[in-house]
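Following the numbering used here, the numbering of the sequence shown begins with 1 at its first residue and continues without gaps.
Where is the CB? At the ideal position from N, CA and C, for every residue including glycine.
Here is the structure we will look at, set down as C-alpha cells.
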Amino acid sequence: MSYPAYQYDHLPYQVDNAGEASMPSHTPVLLNESVTGLHIKANGIYLDATFGRGGHSRVILNQLGEQGQLMVLDRDPQAISAAHELAATDHRVQVLAGTFSQLGDLMSQDINVDGALFDLGISSPQVDQSERGFSFQQDGPIDMRMDNAHGMSAADWLNRANSDEIAWVLTTYGEERFGDDIAKQIVQARARSPIKTTKQLVEVILAVVPSMAAGKHPATKVFQAIRMHINDELEEIRVGLPIVTERMNSQARLVVISYHSIEHQLVSDVLKRKHISEDLTDSTSSKPKLRKVGHAIRANRGERLANRRARSALLRIWEKKDGT
Ligand SMILES: C[S@@+](CC[C@H](N)C(=O)[O-])C[C@H]1O[C@@H](n2cnc3c(N)ncnc32)[C@H](O)[C@@H]1O
C-alpha cells in the first residue's frame with residue numbers, strides 16, 4: 001500500500017487541500033513544532049481532535065507507517081466532509097464526527113492513543129465564509145455555530161437572552177470592559193428590529209465602543225465571546241481534555257495549541273486537574289496524570305507575518321506519566 005506524499009517542507013505552511021477545489025483552505029499553525037511534539041511512533045495510534053482541513057493530520061500521516069492509525073475528529077460538517085475525502089484515500093484514517101465532550105462514546109472502547117493534538121478554536125474556512133457569521137469584517141447572518149446543523153445560532157441567542165446574560169458572556173468570555181453597555185445597547189436595538197446580521201451587530205457595538213484600541217477592531221472581543229458561548233467552547237475543553245487524558249498510553253504525548261488567555265489558562269488548569277467552575281474560578285485539585293514537556297512555543301516571526309492566526313498561538317506539550 002502506498003500513501004499520498006504530503007510535502008510541507010516549504011514555508012509558509014500553506015496546505016494544498018487536494019481534492020477540495022471548492023473548499024476554502026486553512027493554513028495550519030505551528031505545524032512542524034506540533035507534529036514534532038507528538039513524538040510519533042510509526043505504528044502508533046493518534047488522534048487529531050480538531051481536523052479542520054487536515055493540515056496537521058496530513059503531516060502526522062507522513063510520519064506514520066503501514067500499521068499506524070489516525071482518528072480525526074471535528075464537529076463542523078464541512079470539516080467532516082474533507083476528512084471523509086482524506087479517509088477515502090488512506091485506510092489509516094478513521095473519521096469521528098462530533099465534539100470533544102463526545103469522544104468517550106466516539107472512540108472505540110478498546111483503543112488508547114499514543115498521542116493527541118488539539119488545535120483549538122475556529123478554522124479559516126469558518127471565518128472566511130460570510131454565511132457562517134463568524135466574521136465582523138463581512139456581512140452575513142449571525143450564525144457562529146461550528147456545527148451549523150445543530151443547536152442555537154448566535155442570532156437566536158442574541159434576540160432572546162436577557163441583558164444580564166449577554167453582559168456576563170461578553171465580560172467573562174470576551175473580557176470586554178464595555179460588556180454591560182453593549183448588552184444594554186443590544187437589547188434596545190433588537191426592540192426596534194431583531195439583530196440578524198453581523199453588520200447590525202457591529203453597528204450596535206460601534207455605538208458603544210467607537211475607537212480602535214491597540215489596532216484591534218472594537219467588535220473583536222464581542223465576536224469572540226459570543227462564538228465561545230454559542231459553541232460552549234470552554235465546557236468542551238473542560239470535559240474533553242480529561243476524556244483524552246484517560247485514554248492515553250503511558251508516555252503518550254498531548255499537544256495543545258490555544259489562541260487566547262482564557263483558553264491558555266483553562267487548558268493548564270484542566271491538565272493540572274483543578275476543578276474549574278462555570279465562572280472560571282477553581283477550587284480543589286487532584287494529582288495530575290500528565291507532566292509538562294519543555295517550554296511553551298510561540299510562532300516565529302516569519303510564521304506570524306505570513307499567518308495572522310499564528311500571532312496569538314501558544315503551543316504546549318504534555319506527556320502521560322507512567323502508571324497513571
Ligand atoms: C483551528 S481549526 C483546526 C485546523 C486544523 N489543525 C488544520 O490544520 O486544518 C479548529 C477545528 O476544530 C473544530 N473544533 C473546535 N472545537 C471543537 C469541539 N469542541 N469538538 C470538535 N471539533 C471542534 C472546529 O470546527 C475547527 O474545524
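Entirely within the stretch 216–260 and at least 3 residues each: give me those beta strand (DSSP E) ranges in chain order.
-> 248–258
Ile226 CB to nearest heavy atom of ligand 1 below 7 angstroms | For this step, residue 226 is matched to residue 226 along the sequence shown. Ile226: no, Cβ never under 7 angstroms from ligand 1.
Completely contained beta strand (DSSP E) runs for the stretch 13–74, where each covers 3 or more residues = 45–48, 69–74
Pro218 CB to nearest chain C CB: under 8 angstroms?
-> Within the model displayed, chain C is absent; a lone protein chain is all it includes.
Cβ of Ile230 within 8 angstroms of Cβ of Met152?
-> Here residue 230 refers to the residue found at position 230 of the sequence shown. Here residue 152 refers to the residue found at position 152 of the sequence shown. In contact: Ile230 and Met152 (Cβ atoms closer than 8 angstroms).
Could you tell me whether any non-hydrogen atom of ligand 1 is closer than 7 angstroms to the CB of Gly179?
-> On the sequence shown, position 179 is the one that residue 179 refers to. Not so, every heavy atom of ligand 1 lies at least 7 angstroms from the Cβ.
Looking at the structure shown, is Gln94 part of a helix, part of a strand, or coil, going by DSSP?
-> Taking the first residue of the sequence shown as position 1, residue 94 is located at position 94. Gln94 falls in the strand class under three-state DSSP.
Contacting residues, own chain, Cβ-Cβ under 6 angstroms from Ile40 (five flanking each side not counted) = Within the sequence shown, numbered from 1, the residue matching residue 40 stands at position 40. If we look at Ile40 and ignore the five residues flanking it on each side, its Cβ neighbours are Gln63.
Residues near Phe178 in its chain [Cβ-Cβ closer than 7 angstroms; skip 5 each side] | Here residue 178 is taken as the residue at index 178 of the sequence shown, counted from 1. Counting only Cβ-Cβ distances below 7 angstroms, and skipping sequence neighbours, we find Val208, Val209.
What is the DSSP secondary structure of Ile317, reduced to helix, strand or coil?
-> To locate residue 317, count along the sequence shown from 1; it is residue 317. Of the three classes helix, strand and coil, the one that applies to Ile317 here is strand, per DSSP.
Within 10 angstroms of its Cβ, does Ser108 collect 16 or more other Cβ (buried), or is it exposed?
-> By 1-based counting over the sequence shown, the position of residue 108 is 108. Exposed, because fewer than 16 other Cβ atoms sit within 10 Å of the Cβ of Ser108.
For Leu290, write down the residues that DSSP places opposite it in a beta bridge.
-> Your numbering for residue 290 matches position 290 in the sequence shown. Partner(s): Lys320.
Inter-residue Cα distance where the pair is Asp181 and Ala167 | For the purposes of this step, residue 181 is taken as residue 181 along the sequence shown, with counting starting at 1. For the purposes of this step, residue 167 is taken as residue 167 along the sequence shown, with counting starting at 1. The straight-line gap from Cα to Cα measures roughly 8 angstroms.
What residue from Ser123, Trp318, Ala313, Arg247 has the CA that sits closest to Leu271's CA?
-> Here residue 271 refers to the residue found at position 271 when the sequence shown is read from its first residue. Closest option to Leu271, Cα to Cα, is Trp318.
Using the Cα positions of Ser22 and Ser124, report the straight-line distance between them to the nearest angstrom.
-> Sequence index remark: in the sequence shown, residue 22 carries index 22 (1-based). Sequence index remark: in the sequence shown, residue 124 carries index 124 (1-based). Legend: pLDDT at Ser22 = 48, less than 50; position of this residue unreliable, value from coordinates given subsequently. Approximately 14 angstroms between the Cα atoms of the pair.
Report, in whole angstroms, the separation of the C-beta atoms of Lys292 and Thr245, which I expect to be a contact under 8 angstroms.
-> Along the sequence shown, read from residue 1 onward, the residue named residue 292 stands at position 292. Along the sequence shown, read from residue 1 onward, the residue named residue 245 stands at position 245. Rounded, the Cβ-Cβ distance is 13 angstroms, inconsistent with contact.
Rounded straight-line distance, which links the Cα of Asp269 to that of Leu86 | Taking the first residue of the sequence shown as 1, we reach residue 86 at position 86. Taking the first residue of the sequence shown as 1, we reach residue 269 at position 269. Cα to Cα, Leu86 sits roughly 34 angstroms from Asp269.
Identity of the residues DSSP links to Val113 by a beta bridge | Start at 1 with the first residue of the sequence shown, and residue 113 comes out as number 113. Answer is Met248, bridged to Val113.
Beta carbon of Asp74: closer than 7 angstroms to some heavy atom of ligand 1?
-> If you number the sequence shown from 1, residue 74 lands on position 74. Yes - ligand 1 has a heavy atom lying nearer than 7 angstroms to the Cβ of Asp74.
Inter-stretch contact (C-beta, 8 angstroms, three-pair minimum) for the stretch 249–256 and the stretch 127–145 | no
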